[in-house]
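Only one structure is covered here, and it is reproduced in the block below.
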Amino acid sequence: MLLTFMAAAARLPLGTASALEFLGPLTVAVIQGTGRTRWLWPPIAALGVLLLTRPWHDADLPGIGFALTAAGRVAHAGSVSPPPGGRGRSGPVGVEGERADEPPVG
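Quick note: the working numbering has the sequence shown finishing at residue 108, numbered continuously throughout.
Spelled out as structure tokens, the structure:
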């Protein structure tokens, strides 16, 4: 996630790379949210991102691709994190990929 964001930041202005990466958490919020107003924010965010990235002025397509990849990875990480008050599939990871909140195996 960090490498793709850094690759995007190397090719794009930092604000643009951050705005594109923010689409990941926004996607998770829209999918997991409730109510009709959750559908109001994605078009507003998309308009803001378009105004920031200005794809009609020599857009760096690989940089945009890296930033959107980072956004997708953030969205995936947010979709597998534990819900409030519950346990999901992810958690703190310790040495050699063992979950830090579970006793070691073996």
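Each residue gets a CB set at the ideal place from its N, CA and C atoms; glycine is no exception.
Check: Mind pulling the alpha helix (DSSP H) runs of 4 or more residues that sit fully within the stretch 13 to 77?
Finding: 16 to 23, 25 to 34, 43 to 55
Next item on the list: Whole angstroms is fine: what's the gap from residue 15's alpha carbon to residue 44's?
Entry: Numbered from its first residue, the sequence shown carries residue 15 at position 13. Numbered from its first residue, the sequence shown carries residue 44 at position 42. Residue 15 and residue 44: Cα-Cα distance of roughly 22 Å.
Notebook entry, point to check: Skipping 5 residues on each side, what residues in its chain have a beta carbon closer than 6 Å to that of residue 1?
Noted result: With the chain covering 3 to 108 only, the question about residue 1 has no answer from this structure.
Check: Rounded C-beta distance between residue 17 and residue 54? I'm assuming under 8 Å.
Finding: On the sequence shown, position 15 is the one that residue 17 refers to. On the sequence shown, position 52 is the one that residue 54 refers to. So it is a contact: roughly 6 Å between Cβ atoms.
Margin query: Only counting the same chain, and skipping five residues up and downstream in sequence, which positions put a Cβ closer than 8 Å to that of residue 56?
Written below: On the sequence shown, residue 56 is found 54 positions in, with the first residue counted as 1. So the list is empty, once near-sequence residues are dropped.
Notebook entry, point to check: Do residue 72 and residue 7 come within 8 Å of each other at the CB atom, strictly closer than that value?
Noted result: Here residue 7 is taken as the residue at index 5 of the sequence shown, counted from 1. Here residue 72 is taken as the residue at index 70 of the sequence shown, counted from 1. Closer than 8 Å, so yes.
Notebook entry, point to check: Under 8 Å, do residue 22 and residue 69 count as touching if we go by C-beta distance?
Noted result: Translated into the one-based positions of the sequence shown, residue 22 becomes position 20. Translated into the one-based positions of the sequence shown, residue 69 becomes position 67. Taking 8 Å as the Cβ cut-off, residue 22 and residue 69 qualify as a contacting pair.
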